[in-house]
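Numbering (the UniProt record's numbering), first residue to last: 21 to 387. Virtual Cβ for every residue (Gly too), placed ideally from N, Cα, C.
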Ligand code: HEM
């Protein structure tokens, strides 16, 4: 993948891909041109309204995003740390006596689901639904009817008894003097669930893959925990959960040219679609020195795994917090974990998310 991206960056950095009927961008600079200019490169799907802010342009995008921006600010998210820590600690503690766990099923998958259901204000008994929806999403079979019914119940309960959570915040919110419709509410909640779960699961799993390949970096982290934040950024750069934007613009937004425009010396015509290759941009030699090196001290590290510009990932502070807390606890509780390679690792069945289906770990030490 990396060798192929490198060849593409050099030979065909802006290339028309017949398979997806759109342009694929490989260079960091070209991708930023697109992500920085929402007027020329629209996120809105052709001929339809998006259910999610990911697929909206200003002014609607700005108004809706502003409703939840305070709830997702780095400051607000930092206040969640004790609760997030408690959730992660309990999950790891459950696995300790056995001396082994399957990282994806036992931790990386349920952990973000517990956190986000709490944050949104969905009751604990709805967690299995959220998990099922996230799994269904991976195979492209999200049961919209079931989602609608479960969410409608939760919305009704919140209407009767408002709480301090995101669902209550959205129920009370007004845009242009009007409350959100139930359709808009559902879209918002689903966006947060969908955009936040699988991606965070894969980031946690990809952290294991990175440290399995670079055990010296894990040792470095064991000796110096102040490197946690920069380590998380390097994992994001080297193994981003999202490879880029695939063929489905409604999940992680591609863009459509609103006018004829030149990108990287190629003419893109009005109405044509554009896909971003995140993994290529993150290894662009023009932006990163020695890009092939996994360096947990790398700074600055301006990877684009969370996107860039007005659609920059709303949940980035939450994803970062969860990953830092998880790694910190692993350093405390299972510092000598090993990934078993007895069975070859398999990529999850999802064209745009990058990560392993299963990650069997063994460990001997505990606290
Ligand atoms: C947007 C990646 C976690 C919510 C985005 C975008 C990317 C991304 C690349 C930009 C899409 C575009 O430009 O069209 C990731 C990754 C994550 C992660 C790699 C984890 C490692 C989360 C979490 C949440 C979240 C935890 C919320 C709970 C969102 C939302 C948007 C978004 C709401 C849309 C923002 C907008 O359109 O203004 N994410 N995300 N993400 N992300 Fe994340």
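Test item: CB-CB of residue i and residue j under 9 Å
i, j, result
"residue 260", "residue 321", "no"
"residue 381", "residue 207", "no"
"residue 211", "residue 59", "no"
"residue 299", "residue 22", "yes"
"residue 256", "residue 154", "no"
"residue 274", "residue 294", "yes"
"residue 186", "residue 88", "yes"
"residue 167", "residue 377", "no"
"residue 190", "residue 209", "yes"
"residue 253", "residue 179", "no"
"residue 379", "residue 359", "yes"
"residue 349", "residue 112", "yes"
Beta-carbon proximity list for residue i, same chain, < 7 Å, skipping 5 on both sides
i, result
"residue 220", "132, 339 and 342"
"residue 384", "119 and 356"
"residue 66", "276"
"residue 409", "What is shown of the chain runs 21 to 387, which leaves residue 409 out entirely."
Rounded straight-line distance, which links the Cα of residue j to that of residue i
i, j, result
"residue 308", "residue 297", "16 Å"
"residue 137", "residue 147", "7 Å"
"residue 231", "residue 245", "15 Å"
"residue 173", "residue 202", "12 Å"
"residue 114", "residue 326", "31 Å"
"residue 51", "residue 213", "26 Å"
"residue 250", "residue 323", "12 Å"
"residue 391", "residue 364", "Examination of residue 391 is not possible in this model, given that the chain is present from 21 through 387 alone."
"residue 116", "residue 109", "10 Å"
"residue 36", "residue 85", "32 Å"
"residue 290", "residue 375", "34 Å"
"residue 304", "residue 80", "33 Å"
Own chain residues within Cβ distance below 6 Å of residue i, not counting five before or after
i, result
"residue 177", "none"
"residue 128", "221, 224 and 225"
"residue 235", "none"
"residue 83", "195"
"residue 102", "none"
Neighbourhood of residue i by C-beta, 8 Å cutoff - its chain only, sequence neighbours within 5 removed
i, result
"residue 104", "135, 341, 342 and 345"
"residue 92", "334, 335, 337 and 338"
Closer than 8 Å: residue i CB and nearest the ligand ATP heavy atom
i, result
"residue 134", "The ligand ATP is not part of the structure shown, which contains the ligand HEM as its ligands."
Residue-level contact to chain B via CB, residue i, 9 Å cutoff
i, result
"residue 326", "Considering every chain present, this structure includes no chain B. It has just one protein chain."
Assess contact between the segment 184-200 and the segment 312-321, defined as three or more Cβ pairs (one per stretch) separated by less than 8 Å. Is contact present?
By the Cβ criterion, the segment 184-200 is not in contact with the segment 312-321, since fewer than three pairs of Cβ atoms, one from each stretch, lie closer than 8 Å.
Ignoring anything shorter than 3 residues or poking outside the segment 49-126, list the beta strand (DSSP E) runs there in chain order.
Complete beta strand (DSSP E) runs here, min 3: 120-122.
List, from N- to C-terminal side, the alpha helix (DSSP H) runs of 4 residues or more that fit wholly inside the segment 189-261.
Complete alpha helix (DSSP H) runs here, min 4: 202-233, 235-243 and 248-258.
Say whether the segment 130-146 touches the segment 240-254, bearing in mind that this needs 3 or more beta-carbon pairs closer than 8 Å, one atom from each stretch.
The segment 130-146, when compared against the segment 240-254, does not touch it at the 8 Å Cβ threshold.
Stretch-stretch touch, CB-based, cutoff 8 Å, three pairs: the segment 279-291 with the segment 37-45
The segment 279-291 makes contact with the segment 37-45, as at least three CB pairs between them are under 8 Å.
Evaluate contact between the segment 354-368 and the segment 94-102, counting only Cβ atoms and requiring at least three cross-stretch pairs below 8 Å.
These segments do not touch.
Ignoring anything shorter than 4 residues, give me the alpha helix (DSSP H) runs that lie fully in the segment 125-174, in order along the chain.
Taken in chain order, the complete alpha helix (DSSP H) segments of 4 residues or longer contained in the segment 125-174 are 130-140 and 147-158.
Counting only runs of 4+ residues fully inside the segment 24-49, write out the alpha helix (DSSP H) ranges in chain order.
Listed in chain order, there is nothing to give.
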